[in-house]
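Here the working numbering is used: position 135 in the sequence shown is 278, and no number is missing along the way.
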Amino acid sequence: MNHRELTEITVVGDDDTGLVANVTTLLFERGINIEDIDQAVREGVFRMTVHVETSDMDVSKHRLRRDLADLGDDLDVDVRVRFPSERDSRQVAVLVTKESHCLQRLLDARDEFDAEIGVVIGNHDDLEPLATEHGIPFHDVGDDGGVHDEEQLLSLLDDYDTDLVVLARFMRILSPNVVFRYEGRIINIHPSLLPAFPGAKAYRQAKEAGARIAGVTAHYVTTDLDQGPIISQRVFNVPDDAAVEALRERGQPLEADALLEAVRLHLNDDVEIRRGRTELRESGGDESKYQLGMPPELDAEMPDGPIDGTLALGESDD
Numbered sequence: 144m145n146h147r148e149l150t151e152i153t154v155v156g157d158d159d160t161g162l163v164a165n166v167t168t169l170l171f172e173r174g175i176n177i178e179d180i181d182q183a184v185r186e187g188v189f190r191m192t193v194h195v196e197t198s199d200m201d202v203s204k205h206r207l208r209r210d211l212a213d214l215g216d217d218l219d220v221d222v223r224v225r226f227p228s229e230r231d232s233r234q235v236a237v238l239v240t241k242e243s244h245c246l247q248r249l250l251d252a253r254d255e256f257d258a259e260i261g262v263v264i265g266n267h268d269d270l271e272p273l274a275t276e277h278g279i280p281f282h283d284v285g286d287d288g289g290v291h292d293e294e295q296l297l298s299l300l301d302d303y304d305t306d307l308v309v310l311a312r313f314m315r316i317l318s319p320n321v322v323f324r325y326e327g328r329i330i331n332i333h334p335s336l337l338p339a340f341p342g343a344k345a346y347r348q349a350k351e352a353g354a355r356i357a358g359v360t361a362h363y364v365t366t367d368l369d370q371g372p373i374i375s376q377r378v379f380n381v382p383d384d385a386a387v388e389a390l391r392e393r394g395q396p397l398e399a400d401a402l403l404e405a406v407r408l409h410l411n412d413d414v415e416i417r418r419g420r421t422e423l424r425e426s427g428g429d430e431s432k433y434q435l436g437m438p439p440e441l442d443a444e445m446p447d448g449p450i451d452g453t454l455a456l457g458e459s460d461d
């Protein structure tokens, strides 16, 4: 799909027959051309994302939204519509647990965004003072053990008209019920060079595996844990005698840095997901503006030879 300002329709609910046909028929009857459609089912939850051209449709935006909502009520599914004209002032929700470094970095840099950090949501209340200090509403959706209430979370995301969800060391897994509603609009920071060391205790995994180089990865969240499209990464050396806590101290500033970079890329519309990976957009995406991986001074230290120039394209084992 080429990068045009298309209207996005998202359908999420229990998997059932006829969902796709009902939605596409409604769109066809209103003179709306479907440009792209994608669907998936995970853990019994159905998700369909449709990108459509609405500039020549036969109904108003209000009528289309109402008709789709009525259809959603009939089918017992949730239908969301996002028109391009409604994306000028985007709202960011930051999800946190107890670690403050990523939230602090985002709050300090929020004047750089063409968006507003509208709310901080935690599964503990430890970071409420930090959010309050910056004048940001804070909501605790966790129980005493930190298990978050997803219905309350979804309600808050809806109340704050959230466009982008940022997991700033939010130490809980989001279910498909959440991920499907914000497909391609949830960014997480993970303390490893994914795909290595996914899941919990990544720094410990790196230490126990004897990694010489470790790092962090900012990526889009999918229903597959820590396997979403990678946006930016940072690396650091692992000394032989480094304890896990020392790795964490080296990694946390890089976590904040990589997460901020990923948020900037997304909000500037300079990155897109294509065939399961992220790419800089040709229109406006300037790699020199961003540090996607190693800084240029380190990249300059990479050896440039010898290389095997005799292999024909496609014959290497890459």
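Even glycine gets a Cβ: it sits at the ideal position worked out from N, Cα and C. Just so you know, these numbers come straight off a predicted model, no measurement behind them.
N- and C-terminal bounds of the beta strand (DSSP E) containing residue i
i, result
"G448", "Where G448 is concerned, there is no enclosing beta strand (DSSP E), given that its DSSP letter is neither H nor E."
"F226", "That residue, F226, is in no beta strand (DSSP E); it is neither H nor E in DSSP."
"T365", "Neither: T365 is in no beta strand (DSSP E) and is coded neither H nor E."
"F281", "281-283"
"H244", "No beta strand (DSSP E) holds H244; the alpha helix (DSSP H) holding it covers 244-251."
"Q370", "No beta strand (DSSP E) contains Q370, which DSSP labels as neither H nor E."
Buried versus exposed, by CB contacts within 10 Å (16 or more), residue i
i, result
"G156", "buried"
"V290", "exposed"
"G394", "buried"
"D268", "exposed"
"R417", "exposed"
"E440", "exposed"
"E148", "exposed"
"E326", "buried"
"I356", "exposed"
"T160", "exposed"
"R209", "exposed"
"R420", "exposed"
"N176", "exposed"
"S375", "buried"
"P446", "exposed"
"A343", "exposed"
"D306", "buried"
"I373", "buried"
"P319", "buried"
"I264", "buried"
"N380", "exposed"
"D369", "buried"
"E404", "buried"
"G452", "exposed"
DSSP beta-bridge partners of residue i
i, result
"Y325", "Answer is none; Y325 lacks a bridge partner."
"E415", "E422"
"N380", "I356"
"M191", "V154, Q182"
"H291", "G285"
"E255", "Answer by DSSP bridge pairing: none, since E255 is not bridged."
"D221", "V155"
"N320", "Beta-bridge pairing links N320 to no other residue."
"H333", "T360"
"Q234", "E259"
"M264", "Sequence inspection shows Ile at residue 264; the Met mentioned does not correspond to that position. L238, H282."
"I177", "V195"
"L307", "V235"
Residue i, enclosing alpha helix (DSSP H) - first and last residue
i, result
"G394", "387-410"
"H205", "204-218"
"V163", "162-172"
"A339", "Taken as a continuous stretch (DSSP letters only), A339 belongs to no alpha helix (DSSP H), as it is neither H nor E."
"L273", "271-276"
"R312", "Counting along the chain, R312 falls outside any alpha helix (DSSP H), and DSSP gives it neither H nor E."
"Y346", "345-351"
"E148", "Run containing E148: none; DSSP gives neither H nor E here."
"L441", "439-442"
Cβ separation of residue i and residue j, assumed to be a contact under 8 Å, to the nearest whole Å
i, j, result
"F226", "K241", "Contact doesn't hold; Cβ gap of about 38 Å is too wide."
"E172", "E196", "No, E172 and E196 are not in contact; Cβ-Cβ is about 15 Å, not under 8 Å."
"T153", "R223", "5 Å"
"V235", "E259", "7 Å"
"L423", "D413", "6 Å"
"L169", "L218", "Not a contact, Cβ separation roughly 11 Å."
"H282", "L250", "That belief does not hold up - the Cβ atoms of H282 and L250 are roughly 16 Å apart, past 8 Å."
"Y433", "L408", "6 Å"
"D158", "F189", "4 Å"
"L390", "A349", "7 Å"
The region 326-336 touching the region 360-379, judged by at least three CB pairs closer than 8 Å
The region 326-336 makes contact with the region 360-379, as at least three CB pairs between them are under 8 Å.
* Asked: Looking at C-beta atoms only, is the number of pairs between the region 311-325 and the region 232-252 that lie closer than 8 Å three or more?
  -> The region 311-325, when compared against the region 232-252, does touch it at the 8 Å Cβ threshold.
Q: Decide yes or no for the touch test of the region 395-413 against the region 291-302: beta carbon pairs closer than 8 Å, at least 3 of them.
A: No: fewer than three Cβ pairs fall under 8 Å.
* So does the region 317-324 actually touch the region 335-347, counting three or more Cβ pairs closer than 8 Å? -> Flag = no, the region 317-324 and the region 335-347 do not touch.
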